[in-house]
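Protein chains in written order, with this note's numbering: chain F, 586 to 781; chain A, 586 to 781; chain V, 586 to 781; chain Y, 586 to 781.
No residue lacks a Cβ here, since even glycine has one placed at the ideal position from N, Cα and C.
If you're wondering where the values come from, they're calculated on a predicted model, not measured in any experiment.
Data block below; observations after.
4 protein chains.
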Amino acid sequence: MPRTKKQFEEIRKNTRDLILDSALVLFAQKGFKGTSINDIAKASGVSKGLAYNYFKSKNDLMLAVFGMLENEIGSIFNVMKSTEDPFEKLKIIIDLTFKNLKKDEKFWRLYMSFAFQPEVQDVAGKFMSEFLSKAFKELDAVFKQIGVPNPKEESKILGSILDGISIHYLSDKEHYPIDKMRRFLIKKYSKDNLVL
Amino acid sequence: MPRTKKQFEEIRKNTRDLILDSALVLFAQKGFKGTSINDIAKASGVSKGLAYNYFKSKNDLMLAVFGMLENEIGSIFNVMKSTEDPFEKLKIIIDLTFKNLKKDEKFWRLYMSFAFQPEVQDVAGKFMSEFLSKAFKELDAVFKQIGVPNPKEESKILGSILDGISIHYLSDKEHYPIDKMRRFLIKKYSKDNLVL
Amino acid sequence: MPRTKKQFEEIRKNTRDLILDSALVLFAQKGFKGTSINDIAKASGVSKGLAYNYFKSKNDLMLAVFGMLENEIGSIFNVMKSTEDPFEKLKIIIDLTFKNLKKDEKFWRLYMSFAFQPEVQDVAGKFMSEFLSKAFKELDAVFKQIGVPNPKEESKILGSILDGISIHYLSDKEHYPIDKMRRFLIKKYSKDNLVL
Amino acid sequence: MPRTKKQFEEIRKNTRDLILDSALVLFAQKGFKGTSINDIAKASGVSKGLAYNYFKSKNDLMLAVFGMLENEIGSIFNVMKSTEDPFEKLKIIIDLTFKNLKKDEKFWRLYMSFAFQPEVQDVAGKFMSEFLSKAFKELDAVFKQIGVPNPKEESKILGSILDGISIHYLSDKEHYPIDKMRRFLIKKYSKDNLVL
DNA sequence: AATGAATGAGACTTCATTCAT
DNA sequence: CATGAATGAAGTCTCATTCAT
């Protein structure tokens with residue numbers, strides 16, 4: 586019984602995602618150059634040949650991984666829309682950052698891994714700058730809504746704090762007082778502190 | 586007549602530095618795995634073989650680059666000692682970060698390249714965490730001297746801001762309002778703003 | 586349609602043997618260090634890369650060659666079991682040594698190549714000493730069965746003679762009176778001469 | 586004060602011998618291919634450049650090592666001339682072989698090391714075959730003097746025994762009953778046993 | 001006579017990519 | 001759609017040899 590066209594497509598999508606997932610994990614773990622197609626094929630349980638059936642080169646595969654990231658990241662912004670209170674929004678953003686530190690590690694590693702591959706520096710850079718500009722725009726709005734004097738600068742400061750903390754924590758997970766920092770930050774960005 | 590010992594030492598130091606400098610630039614530009622010994626040799630105008638006369642492996646070369654970084658970084662701390670006024674110290678730290686950022690982006694790229702490069706993680710991680718702990722200790726002292734309520738947390742916040750801004754700027758140099766941020770930060774950490 | 590597992594296994598075995606055979610010959614001819622993977626690959630008509638698909642290092646390849654030797658040598662011992670008469674056994678051993686010498690010099694060269702090749706000393710040494718102890722045990726039994734006064738020593742003497750002759754012959758094939766020695770040895774170890 | 590011509594020659598000879606000695610030891614220890622000019626230079630305490638001042642290539646150095654061996658070996662034959670009694674001579678030869686096993690190890694290793702270097706196989710082979718023919722001629726004379734039926738064959742048998750034992754012992758120094766074999770061999774080749 | 005910096009060929013090894021089945 | 005054998009370029013590293021001093 587020949588499979589229907591739809592079935593074929595489903596198989597293709599599943600296998601494609603399988604490969605993509607493994608690639609994401611491995612690239613984050615061992616870097617782009619440090620990960621071989623063989624590694625990815627083995628991790629996803631397919632043959633090397635099949636991987637090339639889905640992605641015409643390692644570079645192509647990497648670009649596809651960026652696509653995934655974009656989707657994942659989109660969902661982060663959605664969470665903020667669950668409330669209208671800007672102070673609540675700030676709390677959500679901060680909490681989310683700290684909760685996602687593990688996921689973020691993957692993200693940072695991925696970004697760094699790609700940021701040094703001449704073949705895709707441009708793509709990675711553009712991806713990053715697009716993400717940042719989108720994120721800052723959201724934050725800008727929040728600070729504007731709160732009414733602080735320099736909303737654009739303040740939003741960049743908060744963004745920097747969150748990414749800076751992430752990097753510092755990831756650089757020294759054992760000693761970094763991550764929980765203390767979380768509480769401190771939430772208090773610092775609470776209504777009581779911001780409006781005076 | 587053979588060269589004197591001193592002559593040989595001079596030759597060695599010069600060539601070693603030549604190679605080290607090229608390595609620094611290239612590692613920062615293309616990452617550790619992305620840079621071949623050949624690249625480095627060509628960039629420094631020596632033969633592949635000679636590079637191995639000076640560094641017994643690519644890994645060894647990388648460790649030597651770390652050594653350089655450590656020296657350079659040591660000098661950063663010294664600058665702070667030029668004054669006793671804690672507010673002045675904060676200004677120096679901030680100014681220095683921004684100046685280094687513009688003047689010597691390659692250090693930042695290296696620092697991040699190594700921090701997330703799997704082969705070098707251990708060394709880089711230790712290097713990073715040592716640097717951070719040293720830097721934070723200095724900052725702690727400054728904030729304690731100023732008399733803010735949570736000096737340890739505040740110093741980590743400032744550190745995160747500086748590193749966060751650096752990353753964001755390097756991710757999107759064309760659009761990032763780096764000067765505006767510098768001024769904003771200096772004002773934010775000026776005497777008028779901190780003591781109220 | 587992909588090949589069946591069996592087909593793959595067949596391909597692998599064939600190619601593996603091809604490489605192994607070439608390695609055996611070349612190691613024997615030019616020594617371990619003197620033989621490059623390139624040499625072996627070319628001799629077996631495969632690419633350098635493929636050789637590494639089958640053996641994960643040059644050292645691994647060498648170990649596999651030892652494996653082959655072990656198999657081949659095992660069969661030598663079996664021949665002796667074709668008779669119960671100890672004098673007949675002696676004759677078989679002697680004849681076999683001389684036959685192998687002419688027919689398959691490469692085994693001797695390998696055996697000696699490895700026995701004195703620094704990188705392989707440990708493995709080769711263990712291999713050699715295991716082989717020798719096995720061989721001497723068999724010979725011991727034969728001389729004991731014959732009833733000579735010092736069977737253990739006599740067996741070592743015969744072993745030495747056979748190996749000594751082999752070396753001398755291989756050192757000077759053109760002039761060594763190999764056939765005369767064969768006949769002389771067989772007579773020396775015949776029933777008439779041993780029992781008096 | 587300029588050195589006299591004689592002094593210069595003496596220096597040259599000393600340095601040359603120094604290098605040669607180190608080369609001998611290292612070649613025996615690590616094989617020809619396994620020994621670098623650098624190793625030899627360091628071991629003899631001279632510079633790489635100076636080594637090339639004395640020997641125009643590694644090959645040349647190896648040939649010079651052969652020359653040394655020849656001299657050393659010549660002295661072995663002299664010992665036999667200390668007596669006229671053929672039985673005494675046999676005893677001396679056997680004793681010398683066992684006493685020299687350590688020196689022989691060096692000799693065997695050297696020979697094997699060279700025997701697999703295509704560039705010098707011929708030289709090594711010729712050297713070995715010349716040595717063997719000379720040695721056998723001496724042994725022939727001894728057995729002829731004794732009056733055994735097949736002196737030429739008997740001399741080759743004894744030669745094989747001695748070399749065979751050497752190799753077996755060197756392959757498994759820990760377990761080989763070297764002393765027992767020495768005593769056994771001396772008895773076997775004593776007057777009582779040979780003449781009946 | 002003496003030094004060791006410098007070169008370049010070639011060794012081992014990895015891996016993206018292709019291809020027969 | 002699926003497999004993994006096969007290739008070849010490129011990377012890390014070693015070493016005989018040359019050469020300026």
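Thinking C-beta only, is F/Ile622 closer than 9 Å to F/Leu646? The residue given as residue 646 of chain F occupies position 61 in the first sequence. The residue given as residue 622 of chain F occupies position 37 in the first sequence. Taking 9 Å as the Cβ cut-off, F/Leu646 and F/Ile622 qualify as a contacting pair.
Comparing C-alpha positions only, which one of F/Arg601, F/Glu738, F/Phe593 sits nearest to F/Asn638? Position 53 of the first sequence, counted from the start, is the residue given in the question as residue 638 of chain F. In terms of Cα proximity to F/Asn638, the closest of F/Arg601, F/Glu738, F/Phe593 is F/Arg601.
So, is the C-beta of Y/Phe701 closer than 9 Å to a C-beta in chain V? Taking the first residue of the fourth sequence as position 1, residue 701 of chain Y is located at position 116. By this cut-off, Y/Phe701 is an interface position.
Under 7 Å Cβ-Cβ, which residues of chain V neighbour Y/Asp707? Numbered from its first residue, the fourth sequence carries residue 707 of chain Y at position 122. Neighbours of Y/Asp707 in chain V, taken as residues whose beta carbon is under 7 Å from its own, are absent, since the nearest beta carbon is some 12 Å off.
Determine contact between the region 670-687 of chain F and the region 762-776 of chain F, defined as no fewer than three beta-carbon pairs at a distance below 8 Å. The answer is yes - the region 762-776 of chain F touches the region 670-687 of chain F, with three or more Cβ pairs under 8 Å.
Rounding to the nearest angstrom, what Cα-Cα distance links F/Met586 and F/Gln592 in this structure? Translated into the one-based positions of the first sequence, residue 586 of chain F becomes position 1. Translated into the one-based positions of the first sequence, residue 592 of chain F becomes position 7. Note that F/Met586 scores 49 on pLDDT, short of 50, meaning its location in the model is unreliable and no value can be drawn from it.
Out of Y/Leu770, Y/Lys590, Y/Val780, state which residue places its alpha-carbon closest to the alpha-carbon of Y/Thr682. Walking along the fourth sequence from the start, residue 682 of chain Y turns up at place 97. Residue Y/Leu770 is the option with its Cα nearest to Y/Thr682.
Classify V/Gly744: buried if its beta carbon has 16 or more other beta carbons within 10 angstroms, exposed otherwise. Here residue 744 of chain V refers to the residue found at position 159 when the third sequence is read from its first residue. By the neighbour-count rule (16 or more Cβ atoms within 10 Å), V/Gly744 is buried.
Roughly how many angstroms separate the alpha carbons of F/Lys627 and A/Lys758, rounded to a whole number? Locating residue 627 of chain F in the first sequence gives position 42, where the first residue counts as 1. Locating residue 758 of chain A in the second sequence gives position 173, where the first residue counts as 1. So the two alpha carbons sit approximately 39 Å from each other.
Beta-carbon within less than 6 Å of Y/Phe712's beta-carbon, same chain only, minus the 5 sequence neighbours each way: which residues are those? The sequence position of residue 712 of chain Y within the fourth sequence is 127, counting from 1. Answer for Y/Phe712: Phe651, listed in chain order.
Chain F contacts from the region 604-638 of chain A (Cβ-Cβ distance under 7 Å): Along the region 604-638 of chain A, the positions whose C-beta sits under 7 Å from a C-beta of chain F are Lys615, Gly616, Lys618, Gly619, read in chain order.
Please tell me whether A/Arg588 has its Cβ less than 9 Å away from any Cβ of chain F. Within the second sequence, numbered from 1, the residue matching residue 588 of chain A stands at position 3. Contact with chain F is absent for A/Arg588, since none of that chain's Cβ atoms lies less than 9 Å from the residue's Cβ.
Closer than 8 Å: A/Lys674 CB and nearest the ligand MN heavy atom: The model on display carries no ligand, and the ligand MN is accordingly not part of it.
Would the beta-carbon of A/Ala608 fall within 9 Å of that of A/Ser632? As a working note, residue 608 of chain A is residue 23 in the second sequence. As a working note, residue 632 of chain A is residue 47 in the second sequence. Cβ distance not < 9 Å, so A/Ala608 and A/Ser632 don't count as in contact.
Under 7 Å by beta carbon: chain V residues contacting Y/Leu717: Translated into the one-based positions of the fourth sequence, residue 717 of chain Y becomes position 132. Under the 7 Å cutoff, chain V gives His753, Ser756, Asp757.
Across the region 719-734 of chain Y and the region 719-728 of chain V, are there enough close Cβ pairs to call them in contact, namely three or more that are closer than 8 Å? The region 719-734 of chain Y is not in contact with the region 719-728 of chain V.
How many angstroms separate the CA atom of F/Ser751 from the CA atom of F/Glu690? On the first sequence, position 166 is the one that residue 751 of chain F refers to. On the first sequence, position 105 is the one that residue 690 of chain F refers to. Straight-line Cα distance between these residues: approximately 8 Å.
Three or more C-beta pairs under 8 Å: does that hold for the region 653-665 of chain V against the region 610-624 of chain V? At 8 Å Cβ cutoff, the stretches do not touch.
Closer than 8 Å, Cβ to any Cβ of chain F: which residues of the region 641-653 of chain A, in chain order? Along the region 641-653 of chain A, none of the residues has a CB nearer than 8 Å to a CB of chain F.
Among A/Arg597, A/Ile625, A/Lys598, A/His760, the one whose alpha carbon lies nearest that of A/Val610: For the purposes of this step, residue 610 of chain A is taken as the residue at position 25 of the second sequence. Distances from the CA of A/Val610 to each of A/Arg597, A/Ile625, A/Lys598, A/His760 were compared; the closest alpha carbon is that of A/Ile625.
Count the other CB atoms within 10 Å of the CB of V/Arg588; is the residue buried (16 or more) or exposed (fewer)? Within the third sequence, the letter at position 3 stands for residue 588 of chain V. Label assigned to V/Arg588: exposed.
Helix, strand or coil for V/Ser756 per DSSP? Here residue 756 of chain V refers to the residue found at position 171 when the third sequence is read from its first residue. Correct three-state label for V/Ser756: helix.
Please check if any C-beta of chain A sits within less than 9 Å of the C-beta of F/Phe769. In the first sequence, residue 769 of chain F corresponds to position 184, counting from 1. Yes, its Cβ sits closer than 9 Å to a Cβ of chain A.
Partner residues on chain F for A/Ser698, Cβ-Cβ distance less than 9 Å: Translated into positions along the second sequence, residue 698 of chain A becomes position 113. Correct list: Met697, Ala700, Phe701.
Beta-carbon within less than 7 Å of F/Val708's beta-carbon, same chain only, minus the 5 sequence neighbours each way: which residues are those? Residue mapping note: residue 708 of chain F aligns to position 123 of the first sequence, counting from 1. These residues qualify, in order along the chain: Leu648, Phe651.
For F/Pro736, would you say it is in contact with chain A, using Cβ-to-Cβ distances shorter than 9 Å as the test? For this step, residue 736 of chain F is matched to residue 151 along the first sequence. Closer than 9 Å: no.
Bounding residues of the alpha helix (DSSP H) (the contiguous stretch that carries Y/Arg601): The count along the fourth sequence starts at 1 and reaches residue 601 of chain Y at position 16. Run containing Y/Arg601: 590-615, per the alpha helix (DSSP H) assignment.
Simplified DSSP state of A/Gly619, which is helix, strand or coil: Locating residue 619 of chain A in the second sequence gives position 34, counting from the first residue. It is coil, neither helix nor strand.
To be precise: take each residue of the region 658-690 of chain Y, compare its Cβ to all Cβ atoms of chain V, and keep it if any distance is under 7 Å. Which residues remain? For the region 658-690 of chain Y, the set of residues with a beta-carbon nearer than 7 Å to any beta-carbon of chain V is empty.
Apart from the five residues on each side of it in sequence, which residues of its chain come closer than 7 Å, Cβ to Cβ, to Y/Lys641? Mapped onto the fourth sequence, residue 641 of chain Y falls at position 56. Contacts found: none.
Is Y/Glu704 helix, strand or coil by DSSP? Here residue 704 of chain Y refers to the residue found at position 119 when the fourth sequence is read from its first residue. Correct three-state label for Y/Glu704: coil.
Would Y/Asn663 be called buried (16 or more neighbouring beta carbons within 10 Å of its own) or exposed? Along the fourth sequence, one-based indexing puts residue 663 of chain Y at 78. Classification of Y/Asn663: exposed, given that the 10 Å Cβ count is below 16.
Can you list the residues of chain V that Y/Ile742 reaches, using a CB-CB cut of under 9 Å? Numbered from its first residue, the fourth sequence carries residue 742 of chain Y at position 157. Per Cβ cutoff of 9 Å: Ile746, Gly749, Ile750, Met766, Phe769, Leu770, Lys773.
Residue environment, A/His753, which counts as buried when at least 16 other CB atoms sit within 10 Å: Indexing the second sequence from 1 puts residue 753 of chain A at position 168. Buried: at least 16 other Cβ atoms inside 10 Å.
For V/Ser667, which residues in the same chain have their Cβ closer than 8 Å to its Cβ, ignoring the five residues on either side in sequence? The count along the third sequence starts at 1 and reaches residue 667 of chain V at position 82. Residues Ile677 of the same chain have their beta carbon placed closer than 8 Å to that of V/Ser667, with the five preceding and five following residues left out of the count.
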